[in-house]
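Residue numbers (the UniProt record's numbering): 1 to 457.
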């Protein structure tokens, strides 16, 4: 078994779609990831499919195929155990009996001992999409039951709690990650996890440049402070999902934001591994943003982000990963963008919700946003000709979407802005940061994103 190195230099891929693939597509996906240097993957362990009928029966066939294919390549595996089956509670996001969940988690850990080295207990329980009603107390009870059960089955396994989304607090809908962690500790979570995890998504502000209250970099600092205050300073905070859909931003921006996040994450005290979401678009250019998070298009054309990740993995290994100057993505209307980001983030990231449901609700969201805009007299931010042109423009051209890469340009307040002399590469180091090399190595220097995509979330 390849254990996942808990260093912040570990850069893996989160791919919940692996469970849905044919054997041929699964092998193709893993081969492509390995060609980039990826050594670790985050996979779905969907309880609703593995144990669909009762606590007494299992269907291990699909999960066996995924886990064995990854293990044969000596890759590290992080399994996310979530999605309530109908017999155990409300399907997908209902609260199961903690002991029933723990029994399933123990069965998984027993079966895949030596193949899966780390487990996350649920996914984004601080939002109603995955955990309804939102309750830190109910989640902590689940964690307190699952942790000893998994450890008894596989003492070497790393059990990760929290698995938090970067959302704000809206009564009845979501609880901020910071407040949720605080409540977890108040409910006795200390001692029932080996690490916490967080998903620092943000489509507008690069991770390193977050300055407003509630932005992901600030939430990370606050979570780390809570961990320290509760005796867990030595435990790591993993970032087990981060990414951007190219239905919202250009390929150049997707790559630049990923580069910014990966480098800035190295400066976070107590940072653990990172996982970028996800491998491949399920429908490049489709309305559904969830279908466009891939670092490859549907037909396996690499996006700029694929080459950026390949270069970053090499740079992280030898200590030469450098900051990259990122121009923030500015939506035509930030207010409406914020509404769409929040609502659609809640509905689009489910591991197992049927696609037609996601698309239906996405259509409703767009209609709601248009109604809000009309009531407030605000023009709706559509996919204009300029936006479409920006997505198909040569990525090496200096535009707001594709900033000119510069070596050693600080993107975090933790790092000093270097003088002009810093732009001259040293003969002893790589000549270009990963993002710049990826831009220049992209075939033809252009994006391959379809212009048929629709509204941003």
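We treat Cβ as the ideally placed atom computed from N, Cα and C, and that holds for glycine.
When DSSP states are grouped into helix, strand and coil, residue 124 belongs to the coil group.
In the DSSP assignment, residue 197 falls within the unbroken beta strand (DSSP E) covering 195-199. Taking 8 Å as the upper bound for CB-CB distance, residue 268 and residue 312 are not in contact here, some 16 Å apart. Residue burial is scored here from C-beta neighbours: residue 171 has fewer than 16 other C-beta atoms within 10 angstroms and is therefore classed as exposed. Minimum Cα-Cα distance from residue 109 among the listed residues 149, 127, 128 corresponds to 149. With a contact defined as Cβ atoms closer than 8 Å, residue 277 and residue 293 qualify at about 6 Å.
Closest in C-alpha terms to residue 9, from the list 19, 37, 24, comes 37. About 7 Å separates the beta carbon of residue 163 from that of residue 240, a gap short enough to meet the 8 Å contact definition. Judged by DSSP in its simplified three-state form, residue 302 adopts strand. Short of 6 Å from the beta carbon of residue 156, and not among the five residues preceding or following it, lies no beta carbon of its own chain. Contiguous beta strand (DSSP E) elements confined to the stretch 57-104 occur at 76-82, taking only those with 3 or more residues. By the neighbour-count criterion, in which a residue is buried when 16 or more other Cβ atoms sit within 10 angstroms of its Cβ, residue 99 is exposed. Counting other Cβ atoms within 10 Å of its Cβ, residue 243 reaches 16 or more and is therefore classed as buried.
In the DSSP assignment, residue 276 falls within the unbroken beta strand (DSSP E) covering 271-277. In terms of Cβ geometry, residue 45 and residue 70 do not form a close pair [threshold 8 Å]. Its Cα nearest to that of residue 107, the residue 55 stands out among 192, 55, 259, 124. Within the DSSP bridge table, the entry for residue 46 names 82 as partners. When secondary structure is reduced to three states using DSSP, residue 248 falls in the coil class, being assigned neither helix nor strand. Per the DSSP secondary-structure output, residue 41 pairs in a beta bridge with 13, 77. The C-alpha of residue 146 lies about 36 Å from the C-alpha of residue 283.
As a beta-bridge residue in DSSP terms, residue 238 pairs with 197. As the crow flies, the alpha-carbon of residue 207 is around 26 Å from that of residue 136. Under DSSP, residue 263 takes part in no beta bridge, so it has no partner. Around the beta carbon of residue 197, 16 or more other beta carbons sit within 10 angstroms, so the residue counts as buried. Within the DSSP secondary-structure output, residue 118 pairs in a beta bridge with 78, 158. For residue 32, the uninterrupted alpha helix (DSSP H) run begins and ends at 23-35, by DSSP. In terms of CA proximity to residue 29, 298 leads the group 314, 315, 298. Note: residue 174 is bridge-paired with 127, 170 in the DSSP secondary-structure output. Per DSSP, reduced to three states, the secondary structure at residue 165 is strand.
The bridge partners DSSP lists for residue 280 are 296.
By the Cβ neighbour-count rule, residue 212 is exposed, with fewer than 16 other Cβ atoms within 10 Å of its own.
Residue 140 and residue 301 have their C-alpha atoms some 42 Å from each other. In this structure residue 232 is in contact with residue 190, their Cβ atoms being roughly 7 Å apart against a cut-off of 8 Å. In the three-state DSSP reduction, residue 212 falls in the coil class, being neither helix nor strand.
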